[in-house]
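Engineer:
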Amino acid sequence: MKALRVLVVGAGVGGISIARGLLRDGYDVTVFERRPDMRPGGGAVTIWPSGSMVLEQLGVDMDGAGQLLSTVRIATSTGRPLVNIAVDTIVDRLGGPVRMVPRRVLLDRLLEGFPAERIRCNSAVAAVLDTPAGVRVEFEDGSCAEGDLLIGADGLHSAVRRTVGGEPAKPTGWCSWQGLCTLEHIPESKVAVQIIGEHGNLGLWPAGGSDLQWWFDLRWSPDFVRPEHPIEAIRSSFAGWSELVDHVLATLTDDDLAASPFPHFRHPIPRLPRLSAMTLLGDAAHAMPPALAQGANQALLDTMVLREALSGLRQGRDCGNGELASALRWYEKTRRRRLTVLSWVTSRQISQSQSVLKWVALISDSFGTWTMTAFLRWLSHRRISVSKVDSPLVGAITAAVQSSAVKIMV
Ligand SMILES: Cc1cc2nc3c(=O)[nH]c(=O)nc-3n(C[C@H](O)[C@H](O)[C@H](O)COP(=O)(O)OP(=O)(O)OC[C@H]3O[C@@H](n4cnc5c(N)ncnc54)[C@H](O)[C@@H]3O)c2cc1C
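As structure tokens, then:
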């Protein structure tokens, strides 16, 4: 019996996670990435307990990666404390660590033990289509590949999403100037700081060792004109918000801001045709503003739910297209409700005047922590569990699958 041939588009956190999971489950997986190599860029991402749980299910060793957090401290730009979220309590209640980890470190860990020959770099996807025999991917260089199932994990401006008719991502009117800097001394290495002002907000989250993830959120519109010296614009908006902020602003230069700004986008999960053998995962499925630091986490949860959806299939290509398509539609439906709520919450206006924020200061730390815990628990699909243990049968199928290759046609 031949294993289902799964084509994954995009080798980001989402693409490598699902590829890793489905290889473990015995599928014949190939990942297509447009970049020439697997040296990822970017700052740090936050992994909440549910994301940590999925990484554990995927057999990813996260020991020592990034920085474990104990508290998220939220204050106003005038120094008024608003609320301290007790991350330790969230960890106790939800049973998994919360860590800030540089994106490159997370991808390195995901790639440990991952068969390199399963990733085809320099493979920019131009179009995808359902065929009577399964799915077909067409690349920008004119070549194509065929498989039984296609997963579009090609990020925010997904080509797969576009060709299956998904609405383009819409800007929310905000953007982040962001990156990682190195500080000789981070005063409280387990404390993430978030500061809210009237015209913008910022975050300083330790990301392991001397790495600190910084971001400055300001308004943005499509006719935005980049200032000649963006660091001056950032300093004039955020200087004086705290000692640590001033210290970070003093170390940053225009070069550190070269890749920014990153406009915030959101789009809903599209409804794919009932019998399509394609689906979307991660930012390609549900881009959202970074307000609750959920991007990588939600891609990991997609992985868990999609694996669960596919686990009900009879193994092998004879499972039937209807059966496969039903599993994909169940995955999308299961994720849609939670993601719709999360996307709505993350696109609420964070920046507020002091007169509004003084009411927020009345929220007790315990209530803030309880609310965050309850929300994260609700997001986490706790009833869905994927076996954490590799069975010898899965190992044998995986080895067999790794010796076969997806059919590439030029
Ligand atoms: C360079 C980069 C830096 C980032 N930095 C941060 C950060 O600092 N903080 C943060 O919270 N989040 C960051 N993110 C976003 C974060 O990684 C995602 O929100 C989250 O991990 C979900 O990942 P994803 O796999 O869905 O998408 P992504 O991580 O965006 O991965 C998508 C992958 O698809 C590939 N791809 C795109 N189009 C095609 C195509 N047509 N054909 C083939 N391959 C294609 C891309 O090259 C990329 O490798 C960054 C993303 C990227 C790509």
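For the sequence shown, counting from 1, position 35 maps to 48 in the numbering used here; every step adds exactly one. A virtual CB, placed ideally from N, CA and C, is assigned to each residue, including glycine. Keep in mind it's a predicted model, so treat the numbers as computed, not measured.
Just to check, is the beta-carbon of V177 closer than 7 Å to a non-hydrogen atom of ligand 1?
Structural biologist: Position 164 of the sequence shown, counted from the start, is the residue given in the question as residue 177. Because no heavy atom of ligand 1 lies under 7 Å away, the Cβ of V177 does not count as near it: no.
Engineer: Taking the DSSP output, what are the residues bridged to P181?
Structural biologist: Position 168 of the sequence shown holds residue 181. P181 is not bridged to any residue.
Engineer: For G25, name the three-state secondary structure that DSSP assigns.
Structural biologist: As a first step, residue 25 must be located in the sequence shown, where it is residue number 12. Three-state DSSP puts G25 in coil, outside helix and strand.
Engineer: Would you call the segment 125-144 and the segment 41-54 in contact, with 3 or more CB pairs under 8 Å?
Structural biologist: The answer is yes - the segment 41-54 touches the segment 125-144, with three or more Cβ pairs under 8 Å.
Engineer: In angstroms with no decimal places, state the Cα-to-Cα distance between W190 and P286.
Structural biologist: Position 177 of the sequence shown, counted from the first residue, corresponds to residue 190. Position 273 of the sequence shown, counted from the first residue, corresponds to residue 286. Each residue's alpha carbon lies about 38 Å from the other.
Engineer: What separation, rounded to the nearest whole angstrom, lies between the Cα atoms of H299 and L352?
Structural biologist: Residue numbering aside, residue 299 sits at position 286 when the sequence shown is read from its first letter. Residue numbering aside, residue 352 sits at position 339 when the sequence shown is read from its first letter. Approximately 7 Å, taken between the alpha carbons.
Engineer: Label F380 either buried or exposed according to how many other C-beta atoms from any shown protein chain fall within 10 Å of its C-beta, with 16 as the threshold for buried.
Structural biologist: The residue labelled residue 380 in the question sits at position 367 within the sequence shown. It counts as exposed.
Engineer: By a C-beta neighbour count over all protein chains shown, 10 Å radius and 16 as the cutoff for buried, is D154 buried or exposed?
Structural biologist: Within the sequence shown, the letter at position 141 stands for residue 154. So D154 counts as exposed.
Engineer: In three-state terms, what does DSSP make of A172?
Structural biologist: In the sequence shown, residue 172 corresponds to position 159, counting from 1. In the structure shown, A172 sits in a helix (DSSP, three-state: H, G or I).
Engineer: With distances taken between CB atoms, is the gap from A501 to L294 smaller than 8 Å?
Structural biologist: No answer is possible for residue 501: it lies beyond the span of the chain, which begins at 14 and ends at 423.
Engineer: Return the chain-ordered ranges of every alpha helix (DSSP H) run that is complete within the segment 94-177 and spans a minimum of 4 residues.
Structural biologist: With a minimum length of 4 residues, the continuous alpha helix (DSSP H) runs that stay inside the segment 94-177 are 100-107, 116-124, 172-176.
Engineer: From S289, I208, G64, S156, pick the residue whose C-alpha is nearest to that of G147; which is it?
Structural biologist: Residue mapping note: residue 147 aligns to position 134 of the sequence shown, counting from 1. Nearest option by C-alpha distance: S289.
Engineer: Hey, would you say T89 sits closer than 8 Å to I209, going by beta carbons?
Structural biologist: On the sequence shown, position 76 is the one that residue 89 refers to. On the sequence shown, position 196 is the one that residue 209 refers to. Cβ distance < 8 Å, so T89 and I209 count as in contact.
Engineer: With a CB to CB cut of under 8 Å and the five nearest residues on each side skipped, what residues in its chain are close to V261?
Structural biologist: Mapped onto the sequence shown, residue 261 falls at position 248. Taken in chain order, the residues that qualify are C194, L196, L217, L225, W227.
Engineer: Taking G213 and F229 to be in contact with their CB atoms under 8 Å, please state how far apart those CB atoms are, rounded to whole angstroms.
Structural biologist: Here residue 213 refers to the residue found at position 200 of the sequence shown. Here residue 229 refers to the residue found at position 216 of the sequence shown. Contact flag correct, Cβ pair sits at about 7 Å.
Engineer: Just mark R112 as buried or exposed, buried being the case when its beta carbon has 16 or more other beta carbons within 10 Å.
Structural biologist: For this step, residue 112 is matched to residue 99 along the sequence shown. Flag for R112 reads buried.
Engineer: Any chance the CB of F45 is under 7 Å from a heavy atom of ligand 1?
Structural biologist: If you number the sequence shown from 1, residue 45 lands on position 32. Under cutoff, so the answer is yes.
Engineer: With distance defined between alpha-carbon atoms, name the residue in H277, E201, T264 nearest to P235.
Structural biologist: Here residue 235 corresponds to residue number 222 of the sequence shown, with the count starting at 1. Closest option to P235, Cα to Cα, is H277.
Engineer: Quick check on DSSP: helix, strand or coil for W254?
Structural biologist: On the sequence shown, residue 254 is found 241 positions in, with the first residue counted as 1. If DSSP states are grouped into helix, strand and coil, W254 belongs with coil.
Engineer: Just the Cα atoms here: how many angstroms apart are T266 and I87?
Structural biologist: Working through the sequence shown from its first residue, we reach residue 266 at position 253. Working through the sequence shown from its first residue, we reach residue 87 at position 74. When rounded, the distance between both Cα atoms is 26 Å.
Engineer: Is P303 near ligand 1 - that is, is its Cβ less than 7 Å away from at least one heavy atom of it?
Structural biologist: One-based indexing of the sequence shown puts residue 303 at position 290. Checking the Cβ of P303 against ligand 1 gives yes.
Engineer: Counting along the chain, where does the alpha helix (DSSP H) carrying W343 start and finish?
Structural biologist: Along the sequence shown, one-based indexing puts residue 343 at 330. Where W343 is concerned, the enclosing alpha helix (DSSP H) stretches over 334-359.
Engineer: How would you label H170, buried or exposed, when you count the other beta carbons within 10 angstroms and need 16 or more for buried?
Structural biologist: Locating residue 170 in the sequence shown gives position 157, counting from the first residue. It is exposed - the Cβ of H170 has fewer than 16 other Cβ atoms within 10 Å.
Engineer: Determine the extent of the alpha helix (DSSP H) in which D296 is found, giving its start and end residues.
Structural biologist: To locate residue 296, count along the sequence shown from 1; it is residue 283. Run containing D296: 296-299, per the alpha helix (DSSP H) assignment.
Engineer: Which residue comes first and which comes last in the beta strand (DSSP E) that contains Q207?
Structural biologist: Residue mapping note: residue 207 aligns to position 194 of the sequence shown, counting from 1. Run containing Q207: 204-209, per the beta strand (DSSP E) assignment.
Engineer: Out of curiosity, what's the CA-to-CA distance linking R499 and L120?
Structural biologist: A question about residue 499 goes unanswered here, because the residues of the chain that appear run from 14 up to 423.
Engineer: Are there 16 or more other CB atoms within 10 angstroms of the CB of T91, so buried, or fewer, so exposed?
Structural biologist: Looking up residue 91 in the sequence shown gives position 78. The residue in question, T91, is exposed, as its Cβ has fewer than 16 Cβ neighbours within 10 Å.
Engineer: Since V42 sits in a beta bridge, which residues does DSSP pair it with?
Structural biologist: Position 29 of the sequence shown holds residue 42. Answer is V19, bridged to V42.
Engineer: Roughly how many angstroms lie between the CA atoms of I29 and T264, to the nearest whole one?
Structural biologist: Along the sequence shown, one-based indexing puts residue 29 at 16. Along the sequence shown, one-based indexing puts residue 264 at 251. Going from the Cα of I29 to the Cα of T264 covers about 34 Å.
Engineer: Leaving out five residues before and five after R349 in sequence, what residues of the same chain have Cβ atoms less than 7 Å from its Cβ?
Structural biologist: Your numbering for residue 349 matches position 336 in the sequence shown. Hits under 7 Å: I282.
Engineer: Is the closest heavy atom of ligand 1 to the C-beta of Q80 under 7 Å?
Structural biologist: Indexing the sequence shown from 1 puts residue 80 at position 67. No, the beta carbon of Q80 sits no closer than 7 Å to any heavy atom of ligand 1.
Engineer: Comparing alpha-carbon positions, which option in M51, D161, A182 lies nearest E125?
Structural biologist: Counting from one through the sequence shown, the residue named residue 125 turns up at place 112. Among M51, D161, A182, the Cα nearest to that of E125 belongs to M51.
Engineer: Can you confirm whether the segment 67-81 touches the segment 101-115 when touching is taken to mean that 3 or more C-beta pairs between the two stretches lie within less than 8 Å?
Structural biologist: Because the criterion of three Cβ pairs below 8 Å is met, the segment 101-115 and the segment 67-81 touch.
Engineer: Could you tell me the distance, in whole angstroms, from the CA atom of W187 to the CA atom of R33?
Structural biologist: Working through the sequence shown from its first residue, we reach residue 187 at position 174. Working through the sequence shown from its first residue, we reach residue 33 at position 20. When rounded, the distance between both Cα atoms is 34 Å.
Engineer: Which residues share a DSSP beta bridge with D448?
Structural biologist: The structure shown does not extend to residue 448, since the chain spans only 14 to 423, so no value can be given for it.
Engineer: Going by the CB atoms, is the gap between L95 and M291 shorter than 8 Å?
Structural biologist: Translated into the one-based positions of the sequence shown, residue 291 becomes position 278. Translated into the one-based positions of the sequence shown, residue 95 becomes position 82. Taking 8 Å as the Cβ cut-off, M291 and L95 do not qualify as a contacting pair.
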